[in-house]
Amino acid sequence: MDFEHSSRTEEFLARLRAFQGCEIEPCEEGYHRELLACADPWVVLPVIEELKEKAKREGLWNLFLAPGAELAGEPVGAGLSNVEYAPLAERMGRSLITAEVCNCNAPDSGNMEVLLHFGSPEQRERWLAPLLQGTVRSAFCMTEPDVASSDATNMQATATLDGEEVVLNGRKWWSTGVGHPNCEVIIFMGLTDPDADRYHQHSMVLVPLKTPGVKVERMLQAMGFLDAPGGHGEVSFSDVRLPSSAIIGGPGQAFAIAQARLGPGRVHHCMRLIGLAELALELACRRASERVAFGKPLANLGGNRERIADARIAIDQARLHVLHTAWLIDKQSPDAIGAAAQIKVAVPNMAQAVLDMSMQLHGGAGLSNDLPLAGAWTAARALRLADGPDEVHRGVIARLELARHGHGKWST
Ligand SMILES: Cc1cc2nc3c(=O)[nH]c(=O)nc-3n(C[C@H](O)[C@H](O)[C@H](O)COP(=O)(O)OP(=O)(O)OC[C@H]3O[C@@H](n4cnc5c(N)ncnc54)[C@H](O)[C@@H]3O)c2cc1C
């Protein structure tokens, strides 16, 4: 087993570190402060577009795309495997803006993967090309307020075929990114054929945000955070008519596509959370060494050393778990499904615990907006739901484990 990074990862990592140090870190704090002070937070501050141009020039762009990704016969992305990309995503995760600056942010990265693998040439030209350029943004609308959406077969919003058209009706919420001023397209998941088998009833449809009948009803707060400028919206669809060529991969293909979309896309979330946890531990160590109470640095009080040690153990375990999952995905191993479900549970819980420890060591400052910890904790907490609740992933893990031991009859 070789634990070294590939030479390409090392090379990209060195460039990414330098870019973060010289270009992002000097302006990130000011960026967040300026955005918080905006009366209208649904704006792209000029610094983001400037940084995106610099990242593009540096070749630190679309790093998440797998080898072989191409558009109109031209290769796109850095051609890194998931194992090679994982340390870069981790590095991006230390900052709340680097992923966007490098065009590697959710939900656009997952949506781009969908279009790369399942989009028609026309869909790829219209939407994938500008997404790859970072000139437009996108959202993914699956979850509905009125049904338990952790079971995606519950979805009631409809995508009904009518001659050469598809007609959308229903209400979605928690649509991340829909508030972004550059958000121009939604991937909508809706019920097309209730008589088909459970996993072939739904379709994914590309919906330009400005289509008549699409309305962003409100922007939600996740535990008090708007997460502007992308945010999370509630969106209604009333008799939205589109040509049936807007359906991705054909009617009834939504589940097959969603399976593929949540694989690599979720490795990215997990790796970024490891970067956040590393940052939280680094800040905790600094605080514990520099701040004195009861005549001693905080590090020498109570169980703080043990907490720091436990955080190191937890982060390193989670990183290896994610890298192993990335390796299984790269090999297209059937074991990747269970491994991905495992990290979906393990990593957000680990990050939440490490961030919580760091917040506690920072005292009141840990809960303030002066430090990134409270926002990061909320992000980790949200990720225990955003790609499906922990319980659903545990259900997958248990089903596979029971089947492995010959108890397949308990698999549902
Ligand atoms: C910040 C954030 C961003 C999000 N972004 C998006 C997005 O961009 N697009 C999108 O479509 N959705 C998004 N979501 C929505 C998210 O995917 C759903 O909230 C999630 O799938 C759960 O669906 P639900 O809210 O309907 O909960 P429900 O399905 O009602 O489930 C509620 C609870 O029931 C329990 N439960 C459910 N199933 C089981 C089970 N099998 N075993 C045991 N207990 C179970 C769990 O405790 C679960 O949390 C986002 C959510 C958040 C918080």
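Each residue of the sequence shown is one higher than the last, beginning at 100 in the working numbering.
Virtual Cβ for every residue (Gly too), placed ideally from N, Cα, C.
Tell me, to the nearest whole angstrom, how far the beta carbon of N210 is from that of F239; I am working on the premise that it is less than 8 Å.
-> 6 Å
Enclosing beta strand (DSSP E) for N268 [first to last residue] = E264 to T275
Would you call T275 buried or exposed, if buried means 16 or more other Cβ atoms sit within 10 Å of its Cβ?
-> buried
Would you mind giving the Cβ-Cβ distance between S467 and A379, rounded to the nearest angstrom? I have them listed as a contact below 8 Å.
-> Incorrect: roughly 15 Å between the Cβ atoms, too far for contact.
How would you label F102, buried or exposed, when you count the other beta carbons within 10 angstroms and need 16 or more for buried?
-> exposed
Heavy atom of ligand 1 less than 7 Å from the Cβ of L484, yes or no?
-> yes
Chain-order list of residues whose beta-carbon lies under 6 Å from that of C369 (same chain, five-residue window excluded) | V421, I442 and V446
C-beta atoms of A450 and A387 nearer than 8 Å | no
Extent of the continuous beta strand (DSSP E) run through R58 | Since the displayed the chain opens at 100 and closes at 511, residue 58 lies outside it and no answer follows.
Fully enclosed by the region 208 to 289, which beta strand (DSSP E) runs are 3 residues long or longer?
-> 236 to 240, 257 to 261 and 264 to 275
With distances taken from CA atoms, which of N202, M191 and L134 is nearest K155?
-> N202
Sequence-distant residues of the same chain with beta carbon closer than 7 Å to E316, five excluded per side | E333, V334 and S335
The beta strand (DSSP E) with V306 in it runs from where to where?
-> H301 to P307
How do the region 126 to 146 and the region 177 to 193 stand: do at least 3 beta-carbon pairs fall below 8 Å, yes or no?
-> no
Does ligand 1 have even one heavy atom less than 7 Å from the beta-carbon of S248?
-> yes
Between which two residues does the alpha helix (DSSP H) carrying R107 extend?
-> S106 to F118
May I ask you to check if the CB of S237 is nearer than 7 Å to at least one heavy atom of ligand 1?
-> no
Are there 16 or more other CB atoms within 10 angstroms of the CB of Q416, so buried, or fewer, so exposed?
-> exposed
State buried or exposed for S237, treating a residue as buried only when at least 16 other CB atoms are found within 10 Å of its CB.
-> buried
Report the option in A439, S432 and N403 whose CA atom is closest to the CA atom of L419.
-> A439
Proximal residues to T310 (C-beta, below 6 Å), its chain only, five neighbours per side dropped | V339
Run through the region 336 to 415 for me and flag every whole beta strand (DSSP E) of 3 or more residues, listed as ranges in chain order.
-> none
Would the C-beta of M241 count as close to ligand 1, meaning under 7 Å from any of its heavy atoms?
-> yes
Taking just the CA atoms, how far does K430 sit from L501?
-> 24 Å
Pick out whichever of R493, I428, H506 and Q358 has its Cα sitting closest to the Cα of A165.
-> I428
Can you tell me whether DSSP reads L499 as helix, strand or coil?
-> helix
Between E124 and ligand 1, is the CB less than 7 Å from at least one heavy atom?
-> no
In chain order, what residues of the same chain lie with their CB nearer than 6 Å to the CB of M318, ignoring the 5 residues before and after it?
-> G278, G330 and G332
Would you mind sorting T242 into buried or exposed? The rule is 16 or more other CB atoms within 10 Å of its CB.
-> buried
Assuming N181 and A425 form a contact by the criterion Cβ under 8 Å, report the distance between their Cβ atoms to the nearest whole angstrom.
-> 4 Å
Any contact of the region 342 to 354 with the region 290 to 310, i.e. 3+ C-beta pairs under 8 Å?
-> yes
With a threshold of 16 other CB atoms inside 10 Å of the CB of E122, please say whether the residue is buried or exposed.
-> buried
Which first and last residues belong to the alpha helix (DSSP H) in which V453 is found?
-> A435 to L460
Cβ-heavy atom distance between P206 and ligand 1 below 7 Å?
-> yes
Cut-off 8 Å between Cβ atoms - residues of its own chain near N403, not counting five sequence neighbours on either side | A387, L397 and L460
Determine, using beta carbons only, whether H279 comes closer than 8 Å to chain C.
-> The question asks about chain C, but that chain is absent: this structure has only one protein chain.
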